[in-house]
Amino acid sequence: MSHHLTLHNISHRYTRRGLPVLDDLSLTLDPFEILSLVGPSGCGKSTLLKLIAGLERPTSGSIQLDNEYLTGPRRFLPPEKRNIGLVSQTGDLFPHMTVEKNIAYGLHKWRRASRKDRITELLETIELPTLAKRYPSELSGGEAQRVALARALAPRPKILLLDEPFSNLDDALRNRLRDFTFDLLRKSKTSALFVSHHQDDAHVVGDRTISLQKGRIAKQT
């Protein structure tokens with residue numbers, strides 16, 4: 001079985017003479033696998049997700065998804081063409097849009113009936129079917145993160161990237177939302193990379209856990 005995602009010799013500097021944030025890093029992700037990334041602040045975890053999503057271009061190295069180059073020496077596919085979902089620490093919902101319009105954001109190319117069905121399906125899935133007309137300011141922290149998850153999953157991404165999505169929640173809510181999220185990902189057979197400061201979270205949800213130190217892989221379990 002071929003790898004779903006392959007990063008080969010990835011290095012990244014934010015300035016030409018700066019120290020590398022990522023240093024000759026290679027890793028793979030298999031179909032339907034959930035990979036946890038842990039490490040101290042500044043080790044390159046979030047930068048790695050940005051490179052995969054296409055929000056940054058690596059200084060060197062290549063990224064392949066299903067054997068297609070997303071990034072290479074003469075190749076850079078823009079974020080909107082990668083079909084990769086991203087959920088950030090704060091969710092980043094659009095404050096001027098209702099819940100249903102946030103979820104619909106990535107579905108503009110879908111037919112109207114299919115788009116409506118998908119929104120209804122996801123509202124049921126995240127257990128918020130009555131909140132479609134609410135705005136982000138009217139949601140709790142846990143509700144907002146569930147909507148952010150639904151928005152990221154709406155276009156059926158090939159991979160979901162989660163950048164410490166539960167870190168702003170209290171422990172009890174974090175644990176509940178963590179279990180909810182990864183149960184949903186496994187049921188939908190969605191591959192994911194999960195960044196966390198919490199070792200327990202990483203080991204509970206990940207099929208594998210990679211520890212980063214100074215932009216390199218220090219340990220893999």
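Numbering follows the working numbering, in which position 178 of the sequence shown is assigned residue number 178; successive positions increment by one, without gaps.
For every residue, glycine included, the Cβ atom is placed at its ideal position computed from N, Cα and C.
The Cβ-Cβ distance between I217 and L27 falls below 8 Å. Bridge pairing for T209: S36 [DSSP].
In the three-state scheme derived from DSSP, where H, G and I count as helix and E and B as strand, N102 is classed as helix. For the 8 Å CB-CB criterion, V87 and S196 do not form a contact.
With respect to the 8 Å criterion, H4 and D66 are classified as neighbours on the basis of their beta carbons. Taking the Cβ atoms as the reference, V99 lies roughly 37 Å from R75, outside the contact range of under 8 Å.
Residue burial annotation: L19 is exposed, with fewer than 16 other C-beta atoms found within 10 angstroms of its C-beta. Our two residues, N168 and G91, have alpha carbons roughly 10 Å apart in a direct line. Annotation for G215: no beta strand (DSSP E) segment contains it, and DSSP assigns it neither H nor E.
Secondary structure of E127 (DSSP, three-state): coil. Distances from the alpha-carbon of G54 to those of N83, I34 and A132 put N83 closest.
Boundaries for T181: no beta strand (DSSP E) harbours it, while the alpha helix (DSSP H) harbouring it runs D171 to K187, taken from the DSSP string.
Each residue's CA atom was taken as its position, placing R115 and L107 some 6 Å apart. Residue pairing by DSSP places K219 opposite S211 in a beta bridge. Y69 has Q64 as its beta-bridge partners, per DSSP. When the alpha-carbon of D201 is set against those of L128, D23 and R174, the nearest one is in R174.
By the C-beta density criterion, D163 is buried, having at least 16 other C-beta atoms within 10 angstroms. Looking only at R156, P129 and V204, the smallest Cα-Cα distance to D179 is reached by V204. Going by beta carbons, A154 and I103 fall inside the 8 Å limit.
In the DSSP annotation of this structure, the continuous segment of the beta strand (DSSP E) that includes V87 starts and ends at I84 to V87.
Boundaries of the alpha helix (DSSP H) around V147: G141 to L153. Taking every protein chain shown into account, the CB of S46 has 16 or more other CB atoms within 10 angstroms, so this residue is buried. With fewer than 16 neighbouring CB atoms inside 10 Å of its own CB, T130 falls in the exposed class.
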